[in-house]
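Student: Structure provided below as structure tokens; questions to follow.
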Amino acid sequence: MSAGTFSNLISESHNSKRPTRCRGTCTVMIFLLTCQLWGNITVTNGYGMDPTHREALMWRCEEWSVENTSWSGNPFDVIASVTFVHSSTGEQRTTHMFYAGDNQWKFRFTGTRTGAWRFSTSSDDTELHGHTGTVTVKPRANPQVKGFLTHVGNKYAIMEEDIDHLQGYVYQVFMNQQDYEQQYRHSSRILGDASRTHLISEYWKNTQENGFDIYFFAVFYSWFRMGALSIDDFHSGADPDLDQPDLVLFDTLERAIKHAHERGGRTHIWAWGDNDRKQTPNHLADGFRGKNHRRLIRYMAARLGPLPGWSMNFGFDTIEMPNAEIDAAWWAKEMSRAMGWPHILTSRGWHNEHFGAGSYAGFGGNPYDLETTDKGPANYDEIRQHMETHTDKPSIYEERHTYNRWQCWPGKVSEPDRLNEAGCRRLIWWEAMAGGMGGFFGHFSARFNRYGPFHPEGACGYHPESLMRAFRTHRDFWRNGRLRLDMSPDNTRVCDAEGYCLVDIDKTHFVFFFEGTDSVTVDLSGMPASQPVIAVDTKPDYKEIDKGKLMAGVHTIHLGRTSDWVLTIGDFVAP
Numbered sequence: 011m012s013a014g015t016f017s018n019l020i021s022e023s024h025n026s027k028r029p030t031r032c033r034g035t036c037t038v039m040i041f042l043l044t045c046q047l048w049g050n051i052t053v054t055n056g057y058g059m060d061p062t063h064r065e066a067l068m069w070r071c072e073e074w075s076v077e078n079t080s081w082s083g084n085p086f087d088v089i090a091s092v093t094f095v096h097s098s099t100g101e102q103r104t105t106h107m108f109y110a111g112d113n114q115w116k117f118r119f120t121g122t123r124t125g126a127w128r129f130s131t132s133s134d135d136t137e138l139h140g141h142t143g144t145v146t147v148k149p150r151a152n153p154q155v156k157g158f159l160t161h162v163g164n165k166y167a168i169m170e171e172d173i174d175h176l177q178g179y180v181y182q183v184f185m186n187q188q189d190y191e192q193q194y195r196h197s198s199r200i201l202g203d204a205s206r207t208h209l210i211s212e213y214w215k216n217t218q219e220n221g222f223d224i225y226f227f228a229v230f231y232s233w234f235r236m237g238a239l240s241i242d243d244f245h246s247g248a249d250p251d252l253d254q255p256d257l258v259l260f261d262t263l264e265r266a267i268k269h270a271h272e273r274g275g276r277t278h279i280w281a282w283g284d285n286d287r288k289q290t291p292n293h294l295a296d297g298f299r300g301k302n303h304r305r306l307i308r309y310m311a312a313r314l315g316p317l318p319g320w321s322m323n324f325g326f327d328t329i330e331m332p333n334a335e336i337d338a339a340w341w342a343k344e345m346s347r348a349m350g351w352p353h354i355l356t357s358r359g360w361h362n363e364h365f366g367a368g369s370y371a372g373f374g375g376n377p378y379d380l381e382t383t384d385k386g387p388a389n390y391d392e393i394r395q396h397m398e399t400h401t402d403k404p405s406i407y408e409e410r411h412t413y414n415r416w417q418c419w420p421g422k423v424s425e426p427d428r429l430n431e432a433g434c435r436r437l438i439w440w441e442a443m444a445g446g447m448g449g450f451f452g453h454f455s456a457r458f459n460r461y462g463p464f465h466p467e468g469a470c471g472y473h474p475e476s477l478m479r480a481f482r483t484h485r486d487f488w489r490n491g492r493l494r495l496d497m498s499p500d501n502t503r504v505c506d507a508e509g510y511c512l513v514d515i516d517k518t519h520f521v522f523f524f525e526g527t528d529s530v531t532v533d534l535s536g537m538p539a540s541q542p543v544i545a546v547d548t549k550p551d552y553k554e555i556d557k558g559k560l561m562a563g564v565h566t567i568h569l570g571r572t573s574d575w576v577l578t579i580g581d582f583v584a585p
């Protein structure tokens, strides 16, 4: 491809500073980290002199920009696809261009294999059609940065070196105030205004302090106008803002996704909200499957699809929505078909082939497909039953496990202590020990006190330091690749205590979790060779205690003090 045939292409690294756009005028200010001019082509990735070729790193999203001045009508309805083909394997990734303002269309790519990829564009718009180029993907520079989330059976799995190298992933989400701020328009809502992007780092810091690697964002009608919560925030169903996605909203959400991903974390997104509050797309003038929603789905898929580091749930209390399961499954199908890269999509309460995971509602008594017992899960056995009922995909409890939630509930609740400190600490371990159930912890905001009070010194919601410390220990324990994809529960190996066991197929790797004990007896029958033993007290800061080595057989291990303990037996060097 010569510069003459591709003179309107601008090549960018997505790790460059993002453009700042003004809605309406669509003015674009592009801050260039490194710039090489080659004819009319601007190269900003700084990797080479040839504008038709670049080098990239695994799991880093790359971006190109094409100028197009000949379009007419709604620029968000201009369709252009881009197909990337891996030279060695023939693997294909097809994505779409998206309008970025100021006559610029962009497309993105994240490599899933090292080596050369070639791409070509296709469109009825002549200025967007027929562009070709290559990108060579090199190994990731930072092993902390992971790839796309997928699954193996009912376990979450994260891509490590490339698409073929998967590692078990413990999926636990944290929320502080990023859900119910939607009802109060408070200045702490990051997606409420473009000036609040500085709060992203604070939110991530708080997520880490609380012991989690995944934070939560809810969007709702902000897809169309940043800060909008429902259809009632628009003049009418014919409001022109509903004809186009909000570019600044996408800039902000992408910044949050990127911030977590670069630090080894992830972002969990609720696309929509509650039907009765008019926060779902069936309230659009042309309906759930109308032009406005379809246009938004295409745009979401084009902009977010190539970005690693996020998963998305359709919404909450969807039982209120007409055709809830069918329409939410259609949404997931359309998103997955258009994205080009794998992302786990769910809709709370529904089991459908188009959802990448099963998302459980948590109050019981509703006609959902997936629901815990009332205000559950009640115990480890219920979690394990849910895991074993659906073995083809992972699951998540997407009703928040809020500290002391039931003690503060306005009505009478059986077992109100279920989510006290010990209950929260054990619940997160039960979810892992049942085989990798996903969970959702955190609290509502101080302005949502019908079920509170939720404030740092209150009795509900905010984690006390001791629980934050225990959650950090849980996170640090599982970070080291200890949830192996071939592990399954085998609690018969726990001999004389309240405890649980995970073991792999070869019986060379065991994880035991015990409650309230200072010594344990474990059955290691069938273990083929001597293996190292590590003990960790799950309450204080993370610290490994070397307990020597053990052979196959039944062994008693003295732990020194009464606590909740986790043991590993085997060499857990990350694969």
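First residue of the sequence shown: 11, per the numbering used here; consecutive thereafter.
Ideal Cβ placement from N, Cα and C applies to all residues, glycine included.
(1) If you draw a straight line from the alpha carbon of Leu294 to that of Arg304, how long is it in whole angstroms?
(2) Return helix, strand or coil for Trp69, following the three-state DSSP convention.
(3) With 16 as the cutoff for other CB atoms within 10 Å, does Gln289 come out buried or exposed?
(4) So for Arg489, helix, strand or coil by DSSP?
(5) Alpha carbon to alpha carbon, how far is Leu306 from Leu252?
(6) Output the residue ranges of the alpha helix (DSSP H) runs that lie fully inside the segment 401-482 and measure 4 residues or longer, sorted by chain position.
(7) I believe Arg221 touches Phe481 by the beta-carbon criterion, under 8 Å. Please report the beta-carbon distance rounded to the nearest angstrom.
(8) Pick from Leu67, Thr262 and Ala562: whose alpha carbon is nearest that of Lys148?
(9) Does the contact criterion of 3 or more C-beta pairs under 8 Å hold for the segment 68-77 versus the segment 112-125?
(10) Which residues bound the beta strand (DSSP E) around Ile329?
(11) How do the segment 356-369 and the segment 402-416 stand: do at least 3 beta-carbon pairs fall below 8 Å, yes or no?
(12) Buried or exposed: which applies to Thr136, given that a residue is buried once 16 or more other Cβ atoms fall within 10 Å of its Cβ?
(13) Report the rounded CA-to-CA distance for Arg308 versus His278, giving the unit in angstroms.
(14) Assuming Asn362 contacts Glu335 (C-beta within less than 8 Å), just tell me the rounded distance between them.
(15) Using the rule of at least 16 other Cβ atoms within 10 Å of the residue's Cβ for burial, across every protein chain shown, is Cys505 buried or exposed?
(16) Is the beta carbon of Ala311 sitting closer than 8 Å to the one on Met349?
(17) Are the segment 464-483 and the segment 564-571 touching by the rule of at least three beta carbon pairs closer than 8 Å?
(18) In its own chain, which residues sit with a C-beta less than 8 Å from the C-beta of Ala167, not counting the 5 before and 5 after it?
(19) Quick check on Ala228: does DSSP put it in helix, strand or coil?
(20) Roughly how many angstroms lie between the CA atoms of Val564 and Ile579, to the nearest whole one?
(21) Between His519, Asn216, Pro291 and His139, which lies nearest to Gly247 when the distance is taken from Cα to Cα?
(22) Leaving out the 5 sequence neighbours to the left and right, which residues in its chain are closer than 6 Å to Phe524 when beta-carbon positions are compared?
(23) Taking DSSP's pairing of strands, which residues face Gly143 in a bridge?
(24) Determine contact between the segment 196-213 and the segment 102-114, defined as no fewer than three beta-carbon pairs at a distance below 8 Å.
(25) Should Pro316 be labelled buried (16 or more other beta-carbon atoms within 10 Å of its own) or exposed?
(26) Following the continuous alpha helix (DSSP H) through Glu398, name the residue where it begins and the one where it ends.
(27) Assess contact between the segment 365-373 and the segment 413-427, defined as three or more Cβ pairs (one per stretch) separated by less than 8 Å. Is contact present?
(28) Name the one or two DSSP bridge partners that Ala504 has.
(29) Take Lys403 and list the residues in its own chain whose beta-carbon comes closer than 7 Å to its own, dropping the five residues that flank it on each side.
(30) Does the segment 80-93 touch the segment 129-145, meaning 3 or more C-beta pairs lie closer than 8 Å?
(31) Should Pro318 be labelled buried (16 or more other beta-carbon atoms within 10 Å of its own) or exposed?
(32) Counting only runs that start and end within the segment 98-130, where is the beta strand (DSSP E) found for 3 or more residues in a row?
(33) Tell me the residue span of the beta strand (DSSP E) that contains Ser573.
(34) From which residue to which residue does the alpha helix (DSSP H) around Ala270 run?
(35) Just how far apart, CA to CA, sit Met185 and Thr142?
(36) If you run the structure through DSSP and keep just helix, strand and coil, what is Glu212?
Tutor: According to the structure shown:
(1) 11 Å
(2) coil
(3) buried
(4) coil
(5) 9 Å
(6) 431-443
(7) Checking the sequence, you will find Gly at residue 221 rather than Arg. Confirmed, Cβ separation roughly 3 Å.
(8) Leu67
(9) yes
(10) Neither: Ile329 is in no beta strand (DSSP E) and is coded neither H nor E.
(11) yes
(12) exposed
(13) 20 Å
(14) 6 Å
(15) exposed
(16) yes
(17) no
(18) Leu159, Thr160, His161, Leu176, Gln177, Gly178, Tyr179 and Leu495
(19) strand
(20) 13 Å
(21) Pro291
(22) Ala507, Gly509, Val530 and Trp575
(23) Phe129
(24) no
(25) buried
(26) Tyr390 to Thr399
(27) no
(28) A small fix is needed here, since residue 504 is Val in this sequence, not Ala. DSSP output for Val504 lists Val532 as bridge partner(s).
(29) His161, Asn164, Gly366, Ala367 and Gly368
(30) yes
(31) buried
(32) 102-106 and 114-119
(33) Val564 to Ile579
(34) Leu257 to His271
(35) 43 Å
(36) helix
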